[in-house]
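A.B. asks:
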């Protein structure tokens, strides 16, 4: 029988069947952070349980730490960081903490350290764990109760998902990036359109991307509801992890990690890469985006009342008028960072735009490298100087920072942010903060102009 | 967990209500599960000075006594934070009725005994309208029977078998799965050395 890549991964990890159509699946590798793991460790404590296999877990401090210095920004952050330290020490779990040269955003750190290989099952108490699909690994986010379950049993109770194939064929137009591909997919499928699905991405536009771009796409698959994202690993995937700290220790080959020809999918979407323009979100959900040369949407006659209310709610929060051109929306800050877009390739793309230019005096611009490893590489290439010369605040430490504003990088009420991140939710970057999602190069361009601008005109030197 | 959840229902119709909205980040800086009721939907319930927003549905009678929410599509999307579910429970919410929920939120709800019955959009819209009347709509989510009871009506909802069982039996998944330790060990014997991840400390 023909099987999808997703089904092959699930079958390979099945420990046994459970009642009610569930199964126990084996977790090859589990990652923890400081804010979704504490209550899992206390659960173990209460039940008097050991960690099943401590060496199969990694903890990384990334959500609450400051990026200006390696000191915790306040007492509450210190509590979370110290708690993770203590839990890891007690259970013999590896920790990439503050000051460790391997520290950074968990989903940036793991591929850098070669801790992902095609065929693995990876869980983490973070929704963006879908990132590992770029390597043909089944990665997915879990809650804290499930973190406890993985710690105690190295398994999860699992129900097989439905499968969705998203095919992006053709050549991306100039100015469009991997970020624009996934923002287009979110727009087409909808913010909850893939709830209950594992999403496999295929097509020449995906294969043409480098691994960084593929990770950006799998990372944001959760914004359409995908519980898992997958891409068939090719030579680029294997090359990316070769020679990393752990890659020589891992080998999950033995299966052909591709969907069999003709394998059945429950849903299929086909997108023409030629239709993808640089996109910008105008609203408060990642599916509320338009091409940068477009306008903020208006109510239409056929719009159901609920849709009209939703549109109005988004416009009110964002402080925008229907029909307003997106280009020209003034910004107060620019943020380049997050597990979506803070890898070296993202920094290079932004630096290319910034070279020889200055950030507008009205804009506060921050860049937070995805990891210390990434930071050092960028500094070796002189990118830090390009950012600094342009007027960006080049942060010496790494973490999630202003993507979710759990540390001291918080946008103010009403502040408008051009952001290379993944979520434009109400209050995401700070209470009342207004987020416009876009690619890192588009963030750089907006920072220079002081307003949202079309990267395609910009590159011509206007 | 009782076989059913009963109570006054409040309409909360926006689509894509994410877990950042359900539990704002300033309440996440904790190492316990407690004390999250205050944080639940905090930016909708309170203004910047922590005064109650009188216009928000859960601050108005009769809905300030609600223990069931009727919600828009894709409730619980975004971040994996289980704090969102802990907070809803601590605020006194025992059930959330919608057309579909984000996956991680759905799994977290089940682990904590928060019932999430799924209904067709037409029924959800009817419930939103009925729950909006000021005399209040009381709903019983009958988990064992798989139906909603309200206003002399009985309407079926969707809930997968494993979730139904988990809600009815109030079991501990971690301890239950450890009963399968032999199966887990057997699976591990089939792994080659290079398939047994060893993180370099």
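Chains as they are written, first to last, in the numbering used here: chain Y, 430 to 891; chain F, 20 to 220.
Glycine included, every Cβ here is placed at the ideal spot set by N, Cα and C.
Would the C-beta of residue 491 of chain Y count as close to the ligand FAD, meaning under 6 Å from any of its heavy atoms?
C.D. replies: Looking at this structure, you won't find the ligand FAD or any other ligand, since it has none at all.
A.B. asks: Could you give the C-beta distance for residue 832 of chain Y and residue 767 of chain Y, rounded to a whole number, given that I count them as a contact under 8 Å?
C.D. replies: Position 403 of the first chain holds residue 832 of chain Y. Position 338 of the first chain holds residue 767 of chain Y. So it is a contact: roughly 4 Å between Cβ atoms.
A.B. asks: To the nearest angstrom, how far is the alpha carbon of residue 556 of chain Y from that of residue 100 of chain F?
C.D. replies: As a working note, residue 556 of chain Y is residue 127 in the first chain. As a working note, residue 100 of chain F is residue 81 in the second chain. Cα to Cα, residue 556 of chain Y sits roughly 9 Å from residue 100 of chain F.
A.B. asks: DSSP three-state label for residue 891 of chain Y, please.
C.D. replies: Stepping through the first chain from its first residue, residue 891 of chain Y is reached at position 462. In this prediction, residue 891 of chain Y scores a pLDDT of 47, lower than 50, which makes its location untrustworthy; the coordinate-derived value is nonetheless stated afterwards. Three-state result, residue 891 of chain Y: coil.
A.B. asks: Find the nearest neighbour of residue 678 of chain Y within the set Y:794, Y:458, Y:570, Y:508, judged by alpha-carbon distance.
C.D. replies: Here residue 678 of chain Y refers to the residue found at position 249 when the first chain is read from its first residue. When only C-alpha atoms are compared, the closest one is Y:458.
A.B. asks: By the three-class DSSP mapping on this structure, what secondary structure does residue 676 of chain Y have?
C.D. replies: Translated into the one-based positions of the first chain, residue 676 of chain Y becomes position 247. Looking at residue 676 of chain Y - three-state DSSP - the assignment turns out to be helix.
A.B. asks: Report yes or no: is there a C-beta of chain F within less than 7 Å of the C-beta of residue 435 of chain Y?
C.D. replies: Residue numbering aside, residue 435 of chain Y sits at position 6 when the first chain is read from its first letter. Closer than 7 Å: no.
A.B. asks: Roughly how many angstroms lie between the CA atoms of residue 497 of chain Y and residue 461 of chain Y, to the nearest whole one?
C.D. replies: Residue mapping note: residue 497 of chain Y aligns to position 68 of the first chain, counting from 1. Residue mapping note: residue 461 of chain Y aligns to position 32 of the first chain, counting from 1. For residue 497 of chain Y and residue 461 of chain Y, the distance between alpha carbons rounds to 23 Å.
A.B. asks: So which residues of chain Y does residue 127 of chain F contact, with C-beta pairs closer than 9 Å?
C.D. replies: Taking the second chain and counting its residues from 1, one reaches residue 127 of chain F at position 108. Those are 571, 572, 573, 574, 575, listed as they occur along chain Y.
A.B. asks: Among the candidates F:126, F:59, F:65, F:144, whose CA atom is the shortest distance from the CA of residue 112 of chain F?
C.D. replies: Sequence index remark: in the second chain, residue 112 of chain F carries index 93 (1-based). The shortest Cα separation from residue 112 of chain F among F:126, F:59, F:65, F:144 belongs to F:59.
A.B. asks: Using a beta-carbon distance below 7 Å, is residue 891 of chain Y in contact with chain F?
C.D. replies: The residue labelled residue 891 of chain Y in the question sits at position 462 within the first chain. With a pLDDT of 47 at residue 891 of chain Y, under the threshold of 50, the modelled position of this residue cannot be trusted; read the value that follows with caution. False, the Cβ-Cβ gap to chain F never drops below 7 Å.
A.B. asks: Alpha carbon to alpha carbon, how far is residue 748 of chain Y from residue 651 of chain Y? Give it in angstroms, no decimals.
C.D. replies: Here residue 651 of chain Y is taken as the residue at index 222 of the first chain, counted from 1. Here residue 748 of chain Y is taken as the residue at index 319 of the first chain, counted from 1. The alpha-carbon atoms of residue 651 of chain Y and residue 748 of chain Y are separated by roughly 27 Å.
A.B. asks: State the Cα-Cα distance for the pair residue 97 of chain F and residue 122 of chain F, rounded to the nearest angstrom.
C.D. replies: As a position in the second chain, residue 97 of chain F is number 78, starting the count at 1. As a position in the second chain, residue 122 of chain F is number 103, starting the count at 1. Their backbone Cα atoms lie some 10 Å apart in a straight line.
A.B. asks: Could you tell me the distance, in whole angstroms, from the CA atom of residue 28 of chain F to the CA atom of residue 79 of chain F?
C.D. replies: The count along the second chain starts at 1 and reaches residue 28 of chain F at position 9. The count along the second chain starts at 1 and reaches residue 79 of chain F at position 60. So the two alpha carbons sit approximately 13 Å from each other.
A.B. asks: At 4 residues or longer, and completely inside the region 640-721 of chain Y: list those alpha helix (DSSP H) runs for me, N to C.
C.D. replies: Listed in chain order, they are 640-649, 664-670.
A.B. asks: Within 10 angstroms of its Cβ, does residue 891 of chain Y collect 16 or more other Cβ (buried), or is it exposed?
C.D. replies: Translated into the one-based positions of the first chain, residue 891 of chain Y becomes position 462. Because the pLDDT at residue 891 of chain Y is just 47, under 50, the model does not fix this residue reliably, and the value given afterwards should be weighed accordingly. Burial call: exposed.
A.B. asks: Would residue 792 of chain Y and residue 876 of chain Y qualify as a contact pair, given that the criterion is a beta-carbon distance under 7 Å?
C.D. replies: Numbered from 1 along the first chain, position 363 holds the residue referred to as residue 792 of chain Y. Numbered from 1 along the first chain, position 447 holds the residue referred to as residue 876 of chain Y. Result yes, Cβ atoms of residue 792 of chain Y and residue 876 of chain Y sit closer than 7 Å.
A.B. asks: Report back the beta-carbon spacing between residue 494 of chain Y and residue 836 of chain Y to the nearest angstrom; my notes put them in contact at under 8 Å.
C.D. replies: For the purposes of this step, residue 494 of chain Y is taken as residue 65 along the first chain, with counting starting at 1. For the purposes of this step, residue 836 of chain Y is taken as residue 407 along the first chain, with counting starting at 1. The pair is a contact, with the Cβ atoms about 6 Å apart (cut-off 8 Å).
A.B. asks: Within the continuous alpha helix (DSSP H) that includes residue 517 of chain Y, where are the two ends?
C.D. replies: Position 88 of the first chain, counted from the start, is the residue given in the question as residue 517 of chain Y. Taken as a continuous stretch (DSSP letters only), the alpha helix (DSSP H) holding residue 517 of chain Y covers 504-520.
A.B. asks: Closer than 7 Å, CB to CB, is residue 80 of chain F near chain Y or not?
C.D. replies: On the second chain, position 61 is the one that residue 80 of chain F refers to. No, residue 80 of chain F does not count as interfacial toward chain Y.
A.B. asks: Compare the C-beta of residue 624 of chain Y with all C-beta atoms of chain F and state if any pair is closer than 7 Å.
C.D. replies: Taking the first residue of the first chain as 1, we reach residue 624 of chain Y at position 195. Judged by the 7 Å Cβ criterion, residue 624 of chain Y is in contact with chain F.
A.B. asks: Spatial neighbours of residue 737 of chain Y within its chain, please: C-beta separation below 8 Å, excluding the five flanking residues on both sides.
C.D. replies: Walking along the first chain from the start, residue 737 of chain Y turns up at place 308. 728.
A.B. asks: Go ahead and label residue 430 of chain Y buried or exposed: buried means 16 or more other beta carbons lie within 10 angstroms of its beta carbon, across all protein chains shown.
C.D. replies: The residue labelled residue 430 of chain Y in the question sits at position 1 within the first chain. Classification for residue 430 of chain Y: exposed.
A.B. asks: When you compare each of F:173, F:21, F:61, F:85 to residue 42 of chain F by their alpha carbons, which one comes out closest?
C.D. replies: Along the second chain, read from residue 1 onward, the residue named residue 42 of chain F stands at position 23. Of the listed residues, the one whose Cα sits closest to residue 42 of chain F is F:61.
A.B. asks: Contact criterion: CB-CB distance below 7 Å. Does residue 512 of chain Y meet it with respect to chain F?
C.D. replies: Position 83 of the first chain, counting from 1, holds the residue named residue 512 of chain Y. At least one chain F Cβ lies under 7 Å of residue 512 of chain Y.
A.B. asks: What number of angstroms, rounded off, separates the C-alpha of residue 756 of chain Y from the C-alpha of residue 649 of chain Y?
C.D. replies: The residue labelled residue 756 of chain Y in the question sits at position 327 within the first chain. The residue labelled residue 649 of chain Y in the question sits at position 220 within the first chain. C-alpha separation (whole angstroms): 24 Å.
A.B. asks: By Cβ distance below 8 Å, which residues in the same chain neighbour residue 695 of chain Y in space, the five residues on each side in sequence not counted?
C.D. replies: Residue 695 of chain Y sits at position 266 when you count from the first residue of the first chain. So the list reads 591, 592, 593, 626, once near-sequence residues are dropped.
A.B. asks: Consider the Cβ of residue 468 of chain Y: report whether some Cβ of chain F lies at a distance smaller than 7 Å.
C.D. replies: Within the first chain, residue 468 of chain Y is the residue found at index 39, counting from 1. Yes - at least one Cβ of chain F is within 7 Å of the one on residue 468 of chain Y.
A.B. asks: Are any of the Cβ atoms in chain F nearer than 7 Å to that of residue 647 of chain Y?
C.D. replies: By one-based count along the first chain, residue 647 of chain Y stands at place 218. Not an interface residue.
A.B. asks: Residues in the same chain with beta-carbon distance under 6 Å from residue 146 of chain F, minus the five sequence neighbours each way, listed in chain order, please.
C.D. replies: Position 127 of the second chain, counted from the start, is the residue given in the question as residue 146 of chain F. Hits under 6 Å: 89.
A.B. asks: Using the Cα positions of residue 614 of chain Y and residue 700 of chain Y, report the straight-line distance between them to the nearest angstrom.
C.D. replies: Counted from its first residue, the first chain places residue 614 of chain Y at position 185. Counted from its first residue, the first chain places residue 700 of chain Y at position 271. Rounded to whole angstroms, residue 614 of chain Y to residue 700 of chain Y spans 8 Å at the Cα level.
A.B. asks: Compile a chain-ordered list of the residues in the region 49-80 of chain F whose CB is closer than 8 Å to at least one CB of chain Y.
C.D. replies: If the cut-off is 8 Å between Cβ atoms, the region 49-80 of chain F has 49, 50, 51, 52, 62, 67 near chain Y.
A.B. asks: Quick one: using the 10 Å Cβ neighbour count with 16 as the cut-off for buried, is residue 578 of chain Y buried or exposed?
C.D. replies: Counting from 1 along the first chain, the entry for residue 578 of chain Y is found at position 149. Residue 578 of chain Y is buried by the Cβ-count criterion.
A.B. asks: To the nearest angstrom, how far is the alpha carbon of residue 117 of chain F from that of residue 216 of chain F?
C.D. replies: Translated into positions along the second chain, residue 117 of chain F becomes position 98. Translated into positions along the second chain, residue 216 of chain F becomes position 197. Cα-Cα distance, rounded: 40 Å.
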